[in-house]
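A.B. asks:
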């Protein structure tokens, strides 16, 4: 290798660490076109090119290059170069969802790393790259325990290898993993801080873009929506400026999720649809497609919602994805019930049952049990309502559940049905206690939007007891919270409720003066309407965010 070529390779490696990918492409293309360049040197440049292509989301092009060169005798004679190209090849396969081909390549790499005499520094580098591909492979399949293990191994070997780009990448990946793990949310922040320190040191804009993405997700998880939107926008600006197309769909998806949470559904739909327009992995396509379905679900366009849920489910089935499928099946069961298609709801429930028996993990079991309770609840038969309540109460006894708010809420709706069927003080007291428990959970999680809805629901329950003043007080509290959060739609709805209640004050005072029984007062309120709104605006959202 000439000293000039060596310097050019070092220049590319240095600029990769800094995230200057477009400049790297210029150097690579200039050198591989030289007439006197050796095959080995040409392949070294191509190995670096495929690394960058995988960072850009151009997986098919990276795959085609690696497939073309890794069988060449020149490559096989240089074990480090061979491993460089194999690791980029298997990463492309994992991104593209080519599961069996990826498994074969993983076995080849593992055998080489286990049985070959390789310098320690090279081993660390190749094991870092190997685990980088492995974590994504298992994330694609939804094998949580395995992808967490390999993400930590990627981090460990990156530190041993000493490549600061990979170290920053691995910290960002770990931050992503723990961003949806509420008990370990501060661990996410620790990884983000570690990543940011390295990013500042090396000046890598690519990883800075990724940092803004996962810092935004961290803020989202803490319900700090303005900070999250600000961070996502910083990431989008950097990605557009530097053509980091790999990050853009994820940034648009999460930014859309915040607008969805704020009930700005048209804006959410626009951003989420935009996230599908960029090259991305086959597994990541599952999420925006599912999210679009959820937005249509919120908008009440149920047929469109079902279409998108089914598209997302089909992608899960194509690659045998395990992480998101039970969530989708639960949503589809619920949607079929809303469409009064009990037969279809039971078909999807049976599919979820079989999936649960195959996977046997806590998340899938929770989704199946919840879906089963929803089907039972929909029958409105006393016996089925009782069975549904038993299932939900059993779930709430579990040490770790993903969606306690949703489970508690559905238990409340069952007891509200019992209250409507049999209005008495015992049932009313049970419902009030459960709503107070739900309120405590919402407050602990800073779940302001659910807190607002709970105050609206409590105002309805106060009216059952003919206490219009207490009902008005709850509505005013809800309005104050909604105003503080800038939720225009919620404020408008609450103002309408206040106006309606003020018009009916005389009626409620008369009912109170007559000590009217619950059987009479319960006819005057709209519990079902309130419950349906809460379910659509907040409760399903928890299931979505935790999946």
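Residue numbers (this note's numbering): 71 to 617. Think of the CB as a built atom: it goes at the ideal place given N, C-alpha and C, for glycine as much as any other residue.
If contact is defined by three or more beta carbon pairs under 8 Å, each pair taking one atom from either stretch, is the region 231 to 251 in contact with the region 425 to 437?
C.D. replies: no
A.B. asks: Just to confirm, is the Cβ distance from residue 394 to residue 386 under 8 Å?
C.D. replies: Working through the chain shown from its first residue, we reach residue 394 at position 324. Working through the chain shown from its first residue, we reach residue 386 at position 316. Against a cut-off of 8 Å, the Cβ pair of residue 386 and residue 394 comes out as a contact.
A.B. asks: Cutting at 8 Å between CB atoms, please list the residues of its own chain near residue 403, excluding the five before and the five after it.
C.D. replies: One-based indexing of the chain shown puts residue 403 at position 333. 415, 418, 419, 422, 441, 444 and 445.
A.B. asks: Taking C-alpha atoms, which residue in 280, 482 and 390 lies nearest to residue 531?
C.D. replies: What you label residue 531 is simply residue 461 of the chain shown in a count that begins at 1. Cα-wise, what sits closest to residue 531 is 482.
A.B. asks: Take residue 567 as the anchor and find which of 556, 529, 582 and 555 has the nearest alpha-carbon.
C.D. replies: Indexing the chain shown from 1 puts residue 567 at position 497. Of the listed residues, the one whose Cα sits closest to residue 567 is 529.
A.B. asks: Rounding to the nearest angstrom, what Cα-Cα distance links residue 365 and residue 310 in this structure?
C.D. replies: Position 295 of the chain shown, counted from the first residue, corresponds to residue 365. Position 240 of the chain shown, counted from the first residue, corresponds to residue 310. A direct Cα-Cα distance of roughly 26 Å separates residue 365 from residue 310.
A.B. asks: Considering just the uninterrupted stretch of the alpha helix (DSSP H) at residue 370, what are its terminal residues?
C.D. replies: Translated into the one-based positions of the chain shown, residue 370 becomes position 300. Counting along the chain, residue 370 falls outside any alpha helix (DSSP H), and DSSP gives it neither H nor E.
A.B. asks: What distance in whole Å lies between the Cβ atoms of residue 207 and residue 164, which are believed to be in contact at a cut-off of 8 Å?
C.D. replies: Translated into positions along the chain shown, residue 164 becomes position 94. Translated into positions along the chain shown, residue 207 becomes position 137. So it is a contact: roughly 4 Å between Cβ atoms.
A.B. asks: On a CA-only basis, which of 401, 410 and 162 is nearest residue 439? Give me that one, please.
C.D. replies: In the chain shown, residue 439 corresponds to position 369, counting from 1. The option with the nearest alpha carbon to residue 439 is 401.
A.B. asks: On the DSSP letters alone, give me the boundaries of the alpha helix (DSSP H) that residue 301 sits inside.
C.D. replies: If you number the chain shown from 1, residue 301 lands on position 231. Element bounds for residue 301: 295 to 312.
A.B. asks: Put residue 617 into one of helix, strand or coil per three-state DSSP.
C.D. replies: Reading the chain shown from its first residue, position 547 is the one you call residue 617. Model confidence at residue 617 stands at a pLDDT of 45, short of 50, so the residue's coordinates are unreliable; what they give is reported in the following sentence. Collapsing the DSSP output to three states places residue 617 in coil.
A.B. asks: Under 7 Å Cβ to Cβ from residue 484, same chain only, skipping five residues before and after it: list those, please.
C.D. replies: Here residue 484 refers to the residue found at position 414 of the chain shown. 447, 455, 458 and 459.
A.B. asks: Which residues in the same chain have their Cβ closer than 6 Å to the Cβ of residue 75, if we skip the five residues on either side of it in sequence?
C.D. replies: On the chain shown, residue 75 is found 5 positions in, with the first residue counted as 1. Result list for residue 75: 111, in chain order.
A.B. asks: Give a yes or no on whether the C-beta atoms belonging to residue 118 and residue 94 are separated by under 8 Å.
C.D. replies: Counted from its first residue, the chain shown places residue 118 at position 48. Counted from its first residue, the chain shown places residue 94 at position 24. Yes, they are a contact pair.
A.B. asks: Would you check if the distance between the CB atom of residue 141 and the CB atom of residue 293 is smaller than 8 Å?
C.D. replies: Locating residue 141 in the chain shown gives position 71, counting from the first residue. Locating residue 293 in the chain shown gives position 223, counting from the first residue. No; because the gap between Cβ atoms is not below 8 Å, this pair is not in contact.
A.B. asks: Using a Cβ distance threshold of 8 Å, determine whether the region 200 to 220 contacts the region 164 to 182, with at least three qualifying pairs required.
C.D. replies: yes
A.B. asks: Between the region 223 to 232 and the region 185 to 205, do at least 3 Cβ pairs fall closer than 8 Å?
C.D. replies: yes
A.B. asks: Determine the extent of the alpha helix (DSSP H) in which residue 44 is found, giving its start and end residues.
C.D. replies: No information on residue 44 is available, as it lies outside the stretch 71 to 617 that the chain covers here.
A.B. asks: Do residue 276 and residue 314 have their beta-carbon atoms positioned less than 8 Å apart in this structure?
C.D. replies: Position 244 of the chain shown, counting from 1, holds the residue named residue 314. Position 206 of the chain shown, counting from 1, holds the residue named residue 276. It is a contact, given that the beta carbons lie within the stated cut-off.
A.B. asks: What is the DSSP secondary structure of residue 158, counted as helix, strand or coil?
C.D. replies: Locating residue 158 in the chain shown gives position 88, where the first residue counts as 1. Helix, per DSSP.
A.B. asks: So, residue 344 versus residue 322, is the Cβ gap smaller than 8 Å?
C.D. replies: The sequence position of residue 344 within the chain shown is 274, counting from 1. The sequence position of residue 322 within the chain shown is 252, counting from 1. Cβ atoms of residue 344 and residue 322: closer than 8 Å.
A.B. asks: My assumption, with CB atoms under 8 Å, is that residue 245 sits in contact with residue 262. Please give the rounded CB distance.
C.D. replies: Position 175 of the chain shown holds residue 245. Position 192 of the chain shown holds residue 262. Right, their Cβ atoms sit about 5 Å apart.
A.B. asks: Go to residue 437, then tell me how far its alpha helix (DSSP H) extends in each direction, as first and last residue.
C.D. replies: One-based indexing of the chain shown puts residue 437 at position 367. Run containing residue 437: 432 to 448, per the alpha helix (DSSP H) assignment.
A.B. asks: Using only alpha-carbon positions, find the residue among 291, 426 and 287 that is nearest to residue 320.
C.D. replies: Indexing the chain shown from 1 puts residue 320 at position 250. The shortest C-alpha separation from residue 320 is found at 287.
A.B. asks: In its own chain, which residues sit with a C-beta less than 7 Å from the C-beta of residue 274, not counting the 5 before and 5 after it?
C.D. replies: Here residue 274 corresponds to residue number 204 of the chain shown, with the count starting at 1. 87, 88, 89, 235 and 238, listed in sequence order.
A.B. asks: If I measure Cβ to Cβ from residue 541 and keep anything under 7 Å in the same chain, skipping five residues before and after, which residues do I get?
C.D. replies: As a position in the chain shown, residue 541 is number 471, starting the count at 1. Within the same chain, residue 541 has close Cβ partners 529, 532, 533 and 571.
A.B. asks: Report the rounded CA-to-CA distance for residue 223 versus residue 285, giving the unit in angstroms.
C.D. replies: Here residue 223 corresponds to residue number 153 of the chain shown, with the count starting at 1. Here residue 285 corresponds to residue number 215 of the chain shown, with the count starting at 1. Roughly 22 Å between the two C-alpha positions.
A.B. asks: Which class does residue 331 belong to by DSSP, given the choice of helix, strand or coil?
C.D. replies: Translated into the one-based positions of the chain shown, residue 331 becomes position 261. Residue 331 falls in the helix class under three-state DSSP.
A.B. asks: So does the region 141 to 155 actually touch the region 178 to 190, counting three or more Cβ pairs closer than 8 Å?
C.D. replies: The answer is yes - the region 178 to 190 touches the region 141 to 155, with three or more Cβ pairs under 8 Å.
A.B. asks: When the distance is taken between beta carbons, is residue 197 closer than 8 Å to residue 176?
C.D. replies: Along the chain shown, one-based indexing puts residue 176 at 106. Along the chain shown, one-based indexing puts residue 197 at 127. In this structure, residue 197 does not lie closer than 8 Å to residue 176 by Cβ.
A.B. asks: Classify residue 526 as buried or exposed, calling it buried when 16 or more other Cβ atoms lie within 10 Å of its own Cβ.
C.D. replies: Taking the first residue of the chain shown as 1, we reach residue 526 at position 456. The residue in question, residue 526, is buried, as its Cβ has 16 or more Cβ neighbours within 10 Å.
A.B. asks: Please return the same chain residues whose Cβ sits closer than 7 Å to the Cβ of residue 134, not counting the five positions on each side in sequence.
C.D. replies: Stepping through the chain shown from its first residue, residue 134 is reached at position 64. Result list for residue 134: empty, nothing under 7 Å.
A.B. asks: Excluding the 5 residues preceding and the 5 following residue 80 in the sequence, name in chain order all residues of the same chain whose CB lies nearer than 7 Å to its CB.
C.D. replies: On the chain shown, position 10 is the one that residue 80 refers to. Same-chain partners within the cutoff: there are none.
A.B. asks: Tell me which same chain residues have a C-beta within less than 8 Å of the C-beta of residue 171, skipping the five on either side of it?
C.D. replies: Translated into positions along the chain shown, residue 171 becomes position 101. Only 163 meet the Cβ criterion.
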